[in-house]
Every structure is written in C-alpha cells, then in structure tokens.
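One structure below.
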Amino acid sequence: MRAVGLRPYTVEIEEGTLMRFWVWKNKPAVVLMHGFCGDGIINWQCQVVALTKDYAVYVPDLLFFGGSVTDKTERSLEFQAEIIGRTAME
Numbered sequence: 001m002r003a004v005g006l007r008p009y010t011v012e013i014e015e016g017t018l019m020r021f022w023v024w025k026n027k028p029a030v031v032l033m034h035g036f037c038g039d040g041i042i043n044w045q046c047q048v049v050a051l052t053k054d055y056a057v058y059v060p061d062l063l064f065f066g067g068s069v070t071d072k073t074e075r076s077l078e079f080q081a082e083i084i085g086r087t088a089m090e
C-alpha cells in the first residue's frame with residue numbers, strides 16, 4: 001500500500017487504546033471500514049488502489065484487528081463506534 005502513497009498512522013485514543021489507520025492526506029476523504037475479520041488494508045486493498053487516484057483513503061483497523069489494540073475489557077459494537085468517532089476527531 002505504500003506504493004500508492006498510503007502510510008500507517010497510529011492514534012492513541014486514551015491510555016491503553018491505540019487505533020491504526022492507513023492514510024493519505026491532501027485529497028477528499030473516503031473511509032473504508034472492514035467487517036469483523038482480518039486487517040482493514042487486506043480487506044480493501046483492491047479498492048484502495050483505484051480510489052487513491054482521487055481520494056485520501058482512510059482504512060482503520062477496528063480494535064483487536066490489524067494494529068489496533070486496547071487494554072479495556074469492553075468488546076461491544078458501541079465501543080468500536082465510540083473509538084472510531086473519537087479517532088475521527090483527532
């Protein structure tokens with residue numbers, strides 16, 4: 001993914017919670033969310049290649065997938081949504 005200009009970027013949401021994104025700035029943003037399997041960049045690699053020509057593509061790894069981790073015990077969909085929301089405000 002580095003070949004198309006994406007770089008990994010990690011945001012510490014709060015102590016013990018890290019969210020990793022693959023990003024490219026300076027273009028209109030598109031966020032690609034993966035389901036509950038694997039790593040975000042692996043799920044979207046074909047689409048990323050096409051979309052990065054015109055868009056800054058953000059590909060977060062949901063917590064417990066790829067490079068995103070937390071030491072919190074919460075495992076709900078609501079917690080995932082809250083973390084993504086907080087990350088977007090960074």
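Residue numbers (UniProt numbering): 1 to 90.
Built from N, CA and C at the ideal position, the CB exists for glycine as well.
Check	Outcome
For I83, which residues of its own chain have a beta-carbon under 7 Å away from its beta-carbon, when the five flanking residues on both sides are left out?	I13, T17, M19 and L63
Kindly give me the distance between the Cβ atoms of V69 and F21, rounded to whole angstroms, as I take these residues to be in contact under 8 Å.	Rounded, the Cβ-Cβ distance is 14 Å, inconsistent with contact.
If you scan the UniProt domain "AB hydrolase-1" (28–75) from start to end, which runs of the alpha helix (DSSP H) of 4 or more residues do you find wholly inside it?	40–51
Output the boundary residues of the beta strand (DSSP E) element that contains L18.	T17 to V23
Tell me the rounded alpha-carbon separation between R2 and C37.	22 Å
In or out: L77 buried (at least 16 other Cβ within 10 Å) or exposed?	exposed
Please go through the same chain and pick out, in chain order, the residues whose beta-carbon is closer than 6 Å to the beta-carbon of L32, but skip the five residues on each side of it.	W44 and V59
Do F79 and D39 come within 9 Å of each other at the CB atom, strictly closer than that value?	no
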